[in-house]
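Our numbering numbers the first residue of the sequence shown as 8 and each following residue consecutively. Virtual Cβ for every residue (Gly too), placed ideally from N, Cα, C.
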Amino acid sequence: MSDLLHLSPAGSGIHPDLLHAPGGFAWWYLDLVDARGNGLVCIWSFGLPFLPGYTSAARRGHPQTPALRPSLNLASFRGGKLDFYVLQEFAPHEVQWSPGPHGDLWRFGQSVLESVQRDGQRRVHLQLHLTMPTGALAQATIDATGPAITHSGRAPDPAHRLIDPLPDHDWTPLLAVATGRATLHAHNKTVHFEGRVYHDRNGGRRPMHDLGIDLWTWGRLAFPSREFIYYVLYPRDPQRPTQSLFVELDSSGQAHILPGLSLRRSAPAKNMGAMRWWPTQVIEREGRPLITIDNRHRIDSGPFYLRAVPRAHDHERDEVARGINEVCDPARIDLDVHRPLVRMRVHRRQASNSIWLPLFTGPRQGRVRRLVQSWLPGATAAPAHAPPVEPPPSPEEQR
8 MSDLLHLSPA
18 GSGIHPDLLH
28 APGGFAWWYL
38 DLVDARGNGL
48 VCIWSFGLPF
58 LPGYTSAARR
68 GHPQTPALRP
78 SLNLASFRGG
88 KLDFYVLQEF
98 APHEVQWSPG
108 PHGDLWRFGQ
118 SVLESVQRDG
128 QRRVHLQLHL
138 TMPTGALAQA
148 TIDATGPAIT
158 HSGRAPDPAH
168 RLIDPLPDHD
178 WTPLLAVATG
188 RATLHAHNKT
198 VHFEGRVYHD
208 RNGGRRPMHD
218 LGIDLWTWGR
228 LAFPSREFIY
238 YVLYPRDPQR
248 PTQSLFVELD
258 SSGQAHILPG
268 LSLRRSAPAK
278 NMGAMRWWPT
288 QVIEREGRPL
298 ITIDNRHRID
308 SGPFYLRAVP
318 RAHDHERDEV
328 ARGINEVCDP
338 ARIDLDVHRP
348 LVRMRVHRRQ
358 ASNSIWLPLF
368 TGPRQGRVRR
378 LVQSWLPGAT
388 AAPAHAPPVE
398 PPPSPEEQR
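The structure is reproduced here in structure tokens:
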């Protein structure tokens, strides 16, 4: 089994050359969650394994390169339910990744995303402009600033110092214990969010399904003055040990790897798609419960991936946290039986889409009406390109 759980040191980086690795992947993740469990998740990526056809091509021995499959995903949730969702796939010529001396700048169509580091501070600024299947434009702005993450006794350094060889899964937390603000406007409705933000980066040169993983679970918990992250990998080979990583990020940005912890083994439940998951997880120290995690508020529950907004309790400190929990079964990604269901949720700007796409893209409210309207005589599909709105300037240009 590969060493998936590789926590990269400060100053390491992944380079755009990774986009030419057959079957590889690179994604950047940001979530914002408030004390009530409301918030959003944004993922911008190249070679996201979940995209229809990407993983199956690698299984057949004809892997695609990440550069050919860029995508942008935005999901918001309120009251324990998914409130807005879009996963949009772009043509390669619509996307640009520009690494610089202080971080990275990306353009996905009209959307501009920036993650930069100056004077020990990490700033993330996202301006999203996404065309819905109806042709309407959804817009979101997300801002967060906080201490850059450091660990291994090294000072933060945003430069792209490449890891060679790159681990099968390079994982780098970039921002935590920070407050962020977001605004989402879609279909004449505007929603504002303010809460704790977490931001990281992932990349690898090998297909995820080929890493020997049976099941992995990841979570981040926003306690009052710290971020607690757990990443547990169960191997496909029962003779191999479970790989676990427990990390605490403090308010200064320092990362501390916590030894002596484990995730209690228990029989998983299954959702309607037969995906295994844990309604409750317990992190232990020497057999004693340390943190209990309630994952029952699921906001994404598919055949190979599940996301929840947990409520956690630290028994030693008597502290409560909200956050995000994920479970993934790589062997079930992009199977033939599931692919039509996944296509219903992926908006491809340069290709045909599922007739069910309006039901799963955009705000939850009004989705049935939008679906029916898309089937009416004379209804037109969303334009392949967004309306002629002037792209917003990057944060660098604004300064």
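Item to complete: Please say whether H263 and G44 have beta carbons closer to each other than 8 Å?
Response: no
Worksheet item: Residue range of the alpha helix (DSSP H) that A64 falls in?
Response: The continuous alpha helix (DSSP H) containing A64 extends over residues 61-66.
Practice prompt. Could you tell me the distance, in whole angstroms, from the CA atom of R356 to the CA atom of Q95?
Written response: 7 Å
Discussion item. Measuring CB atoms only, is the region 343-357 touching the region 321-333, in the sense that at least three cross pairs come out at less than 8 Å?
Written reply: no
Worksheet item: For V375, does the three-state DSSP call read helix, strand or coil?
Response: helix
Discussion item. Which same chain residues end up closer than 7 Å to F367 when comparing Cβ atoms and leaving out the 5 residues on each side of it in sequence?
Written reply: In chain order, Y92, M351, R352 place their CB closer than 7 Å to the CB of F367, counting only its own chain and leaving out the 5 sequence neighbours on each side.
Worksheet item: Which full runs of the beta strand (DSSP E) of 3+ residues lie inside the region 256-333, going along the chain?
Response: The region 256-333 contains these whole beta strand (DSSP E) runs: 262-264, 268-270, 287-292, 295-301, 305-308, 312-315, 318-321.
Worksheet entry | Under the three-state DSSP convention, the category H216 falls into | helix
Worksheet entry | Rounded Cβ spacing between G309 and F200 (contact assumed at less than 8 Å) | About 24 Å separates the two Cβ atoms, so there is no contact after all.
Practice prompt. With R346 as the anchor, note down where its alpha helix (DSSP H) starts and where it stops.
Written response: 346-350
Fill in: Extent of the continuous beta strand (DSSP E) to which P56 belongs
Unbroken run through P56: none, as it is neither H nor E.
Worksheet item: Taking one C-beta from the region 291-304 and one from the region 70-78 each time, how about it: are there three or more such pairs within less than 8 Å?
Response: no
Worksheet item: P140 and S359: beta carbons closer than 8 Å?
Response: no
Worksheet item: G369 and H132: beta carbons closer than 8 Å?
Response: No. Outside cutoff.
Worksheet item: Is the region 103-110 close to the region 197-212, with three or more CB pairs under 8 Å?
Response: no
Worksheet item: Where does P337 fall in DSSP's three states?
Response: helix
Fill in: Segment limits, alpha helix (DSSP H) that includes L364
364-367
Discussion item. Can you give me the C-alpha to C-alpha distance between P165 and W178, rounded to a whole angstrom?
Written reply: With a pLDDT of 48 at P165, under the threshold of 50, the predicted position of this residue should be treated as unreliable, and no value is reported.
Item to complete: Using the DSSP secondary-structure output, state which residues sit across from E201 in a beta bridge.
Response: R188
Item to complete: Could you pull out every residue in the same chain whose Cβ sits closer than 6 Å to the Cβ of D38, ignoring the five residues on either side in sequence?
Response: Closer than 6 Å at the Cβ level, and outside the excluded window around D38, lie V48, Y205, I331.
Item to complete: Rank K88, Y61, W223, R374 by C-alpha distance to the C-alpha of D307 and give the top, closest one.
Response: K88
Fill in: Assigned secondary structure, Q380 (DSSP; H/G/I helix, E/B strand, else coil)
helix
Discussion item. Which residue marks the beginning of the beta strand (DSSP E) containing S359, and which one marks its end?
Written reply: Counting along the chain, S359 falls outside any beta strand (DSSP E), and DSSP gives it neither H nor E.
Worksheet item: On the three-pair Cβ rule with 8 Å, is the region 114-129 touching the region 225-240?
Response: no
Fill in: Burial state of R85 (16 or more Cβ within 10 Å)
buried
Item to complete: Give every residue of the same chain whose Cβ lies closer than 8 Å to the Cβ of G153, excluding the five residues on either side of it in the sequence, and list them in chain order.
Response: Q128, R129, L182, A183, V184, A185, T186, V204, G260
Worksheet item: Just the Cα atoms here: how many angstroms apart are W285 and P365?
Response: Straight-line Cα distance between these residues: approximately 31 Å.
Discussion item. Please list the terminal residues of the continuous beta strand (DSSP E) segment that includes S232.
Written reply: S232 -> no beta strand (DSSP E), and no H or E assigned at all.
Fill in: Proximity of R295 and D257 at Cβ, strictly below 8 Å
no
Worksheet item: Quick one, which of A151, G142, A143 has its alpha-carbon nearest Q134's?
Response: A151
Worksheet item: Contact check, F32 vs P73 under 8 Å by CB: the rounded distance?
Response: With a beta-carbon spacing of about 6 Å, F32 and P73 fall inside the 8 Å limit used to define contacts.
Worksheet item: Under the three-state reduction of DSSP, which class applies to P99: helix, strand or coil?
Response: helix
Worksheet item: Near D41, what residues of its chain come up, given a Cβ to Cβ distance below 6 Å and the 5 sequence neighbours on each side ignored?
Response: G202
Discussion item. With the cut-off set at 8 Å, would you say R314 and H216 are in Cβ contact?
Written reply: No Cβ-Cβ contact shorter than 8 Å links R314 with H216.
Practice prompt. Using a threshold of 8 Å, state whether the C-beta atoms of Y237 and F253 are closer than that.
Written response: yes
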